[in-house]
Amino acid sequence: MSELVAMRQRIKAIETIKKITHAMRLISMSTHSRLRSRKGHLRDYKEALVNTIASIKRVYPQWNHPVFTPTIKNEKQKNLIVIIGSQKGLCGNFNHNLFAFVKKNLPETPYSIILVGKKAVETKELESNSIALEFSDFTQNKLLSIAQRIADYIWHAQIPFSSVILFYNFPRTFFMQVPKKIQLLPFEEDQFQKNFSNLKHPEAFRWEQSPETILDFLAHKLIQSFTQDILFDALIAEQAARFVAMDNSTRNASNLLDTTRLAYNKTRQAKITRELTDLVASFQENLGT
Numbered sequence: 000m001s002e003l004v005a006m007r008q009r010i011k012a013i014e015t016i017k018k019i020t021h022a023m024r025l026i027s028m029s030t031h032s033r034l035r036s037r038k039g040h041l042r043d044y045k046e047a048l049v050n051t052i053a054s055i056k057r058v059y060p061q062w063n064h065p066v067f068t069p070t071i072k073n074e075k076q077k078n079l080i081v082i083i084g085s086q087k088g089l090c091g092n093f094n095h096n097l098f099a100f101v102k103k104n105l106p107e108t109p110y111s112i113i114l115v116g117k118k119a120v121e122t123k124e125l126e127s128n129s130i131a132l133e134f135s136d137f138t139q140n141k142l143l144s145i146a147q148r149i150a151d152y153i154w155h156a157q158i159p160f161s162s163v164i165l166f167y168n169f170p171r172t173f174f175m176q177v178p179k180k181i182q183l184l185p186f187e188e189d190q191f192q193k194n195f196s197n198l199k200h201p202e203a204f205r206w207e208q209s210p211e212t213i214l215d216f217l218a219h220k221l222i223q224s225f226t227q228d229i230l231f232d233a234l235i236a237e238q239a240a241r242f243v244a245m246d247n248s249t250r251n252a253s254n255l256l257d258t259t260r261l262a263y264n265k266t267r268q269a270k271i272t273r274e275l276t277d278l279v280a281s282f283q284e285n286l287g288t
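Numbering (numbering that gives the first Met the number 0), first residue to last: 0 to 288.
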């Protein structure tokens with residue numbers, strides 16, 4: 000009887016796990032949908048910033064900010080590496096693949112590191128004395144504040160960074176997230192040369208401040224918006240990876256539940272058969288006497 004009790008307890012445990020993984024699957028899908036719906040507005044805002052900067056640069060082409068397009072060469076100048084991991088686990092090999100990719104692509108020159116996401120902050124694979132900032136609370140509500148702090152750190156650095164590189168998981172498709180490396184700074188001048196036909200003519204603006212002041216302000220905002228856009232992608236990829244992992248776990252739990260129930264029924268039936276056999280044998284013995 001103890002064997003059947005143990006199997007019943009195992010069936011209940013599997014059923015509980017299946018309910019949990021199914022609930023997490025639904026939560027991940029819901030969060031993923033909300034993030035996707037918000038990302039379109041951010042993309043429009045980013046494109047508007049690029050077009051506005053391009054329009055003003057047509058009037059003031061000599062503008063060149065040392066942070067936005069660094070030209071200073073200094074022995075103390077460093078690269079800045081931003082590594083964006085996940086906030087939670089239960090998303091397969093999401094973080095392992097990213098950290099392995101980071102190790103292979105770290106620059107040989109000196110660099111500082113910014114870690115985003117609880118799993119990136121906690122990992123032992125990225126231990127370093129050059130960590131400048133850590134953000135262990137990487138959630139949907141914190142995206143803007145994290146992007147602002149990273150942009151401020153870049154913009155107000157005493158010595159401009161020679162480059163700013165971000166590592167994160169990019170959602171290539173809903174079912175495939177791949178580690179990606181993207182250079183945020185120096186900003187490619189070619190991005191200002193696109194879609195010139197859609198730009199406003201300089202006379203459409205009212206110049207209440209100098210073009211240099213306006214461009215400095217917009218460049219800072221553009222760094223922030225690009226960072227926020229990448230953070231959005233990383234969080235979308237995390238939710239998709241967790242959905243896939245929880246969906247697979249739910250299916251595995253269903254298969255294991257079916258197998259365990261079948262084994263339980265077979266064991267129970269065999270026990271009943273043995274008891275009937277013993278009862279019949281005992282009855283026949285009594286008749287014989």
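Backbone N, C-alpha and C define an ideal beta-carbon position, used for all residues, glycine too.
For the pair R24 and M245, the CB atoms are nearer than the 8 Å cut-off.
Taken atom to atom, the span from the alpha-carbon of V49 to that of L221 is near 7 Å. Within the model, the alpha-carbon separation for L142 versus A99 is close to 25 Å. Closest in alpha carbon position to W154, among N168, T226 and S129, is T226.
Under the three-state reduction of DSSP, N92 is assigned to coil, being neither helix nor strand. When rounded, the separation of the alpha-carbon atoms in N96 and D228 is 21 Å.
Two segments are said to touch when three or more pairs of C-beta atoms, one from each, lie closer than 8 Å; by this definition the region 276-288 does not touch the region 36-50. In this chain, the beta strand (DSSP E) harbouring R171 covers S162 to T172.
Here the region 133-147 does not lie against the region 58-69, with fewer than 3 beta-carbon pairs under 8 Å apart.
Boundaries of the beta strand (DSSP E) around V177: M175 to L184. A direct Cα-Cα distance of roughly 54 Å separates V81 from L3. Contact between W62 and E211 holds, since their C-beta atoms are separated by about 6 Å, short of 8 Å. Residue pairing by DSSP leaves F231 without any beta bridge partner.
Look at N247 here: in three-state DSSP terms it is helix. In this chain, the alpha helix (DSSP H) harbouring Y44 covers S1 to V58. DSSP places E107 outside both helix and strand once states are collapsed to three, so it counts as coil. For the set L278, F173 and D277, the Cα lying nearest the Cα of A233 is the one of F173.
Note: L143 is not bridge-paired with any residue in the DSSP secondary-structure output. In the structure shown, V279 falls within a helical segment according to DSSP collapsed to helix, strand and coil. A Cβ-Cβ distance of about 28 Å is found for the pair I83 and L214, leaving them out of contact under the 8 Å criterion.
Rounded to the nearest whole angstrom, the CA to CA distance from E121 to L256 is 35 Å. If you draw a straight line from the Cα of P109 to the Cα of N78, it is about 6 Å long.
Cβ atoms of A150 and H219 come within 8 Å of each other, at about 6 Å. Distances from the alpha-carbon of D136 to those of F93, H64 and L230 put L230 closest. Per DSSP, reduced to three states, the secondary structure at A131 is strand. Cβ neighbours of N94 within its own chain (closer than 6 Å, five residues either side excluded): G84, S85 and K118. Setting aside the 5 residues that flank it on each side, Y59 is surrounded in the same chain by P210, each with a C-beta closer than 6 Å to its C-beta; the list follows chain order.
Judged by their CB atoms, F169 and K179 are nearer to each other than the 8 Å cut-off. Around the C-beta of H31, 16 or more other C-beta atoms lie within 10 Å, and the residue is accordingly described as buried. When beta bridges are read from the DSSP output, N78 appears opposite Y110 and S162.
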